[in-house]
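Residue numbers (the UniProt record's numbering): 1 to 164.
Single-structure report; data block below.
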């Protein structure tokens, strides 16, 4: 299996680390608009054994690339770091990344294109709409719904739907 990471910044290299640890990929390639291999050339890499991941920290840009990949029927990777806990009753959407020491409890729905960063906790019965970024050590208490493309800042605690 081959992985094409769109975006070669810091977040792209975080994805590379997780992909290497997964031992799923024989080949990992970066496409980046600041290099010779532009992101816009992604279709030339589309093959049966290739997955793509849009590694952009900006929620809107990540979701735009996710839509482009879906429109072109590309296989989209998702990643759960082995040091994260994800309840077997949680649902994780396409193109999501769950980073180390994160906790995703029972009956949580995380829609496509979300980033759950290191140490974040999402308690039971929460809904995280598409394109969200839950930053380092953020806590989302039980029964909250986070709107699409919301960024929950590092260390922030969300209860009673009190996001900004």
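We put the CB at the ideal spot given by N, CA and C, even for glycine.
These numbers were taken from a predicted model, which means no experiment stands behind them.
Which of helix, strand or coil DSSP assigns to residue i
i           : result
residue 129 : coil
residue 50  : strand
residue 106 : coil
residue 56  : coil
residue 45  : helix
Closest residue to residue i among the options (Cα-Cα distance)
i           : options        : result
residue 128 : 4, 136 and 113 : 113
residue 92  : 1, 161 and 116 : 116
residue 48  : 75, 28 and 29  : 75
Paired residues, beta bridge with residue i - DSSP
i           : result
residue 32  : Bridge partners of residue 32: none, in fact.
residue 151 : 133
Continuous alpha helix (DSSP H) stretch holding residue i: start and end
i          : result
residue 12 : 10 to 22
Range of the contiguous beta strand (DSSP E) that encloses residue i
i         : result
residue 6 : 2 to 6
Is the stretch 40 to 60 touching the stretch 5 to 16 in the sense that three or more CB pairs, one from each, lie closer than 8 Å?
yes
Touching by the beta-carbon criterion (3+ pairs, under 8 Å), the stretch 139 to 152 and the stretch 74 to 93:
no
Between the stretch 59 to 71 and the stretch 19 to 36, do at least 3 Cβ pairs fall closer than 8 Å?
no
For the stretch 118 to 128 against the stretch 67 to 74, do three or more pairs of beta-carbon atoms, one drawn from each stretch, fall closer than 8 Å, so that the two count as touching?
no
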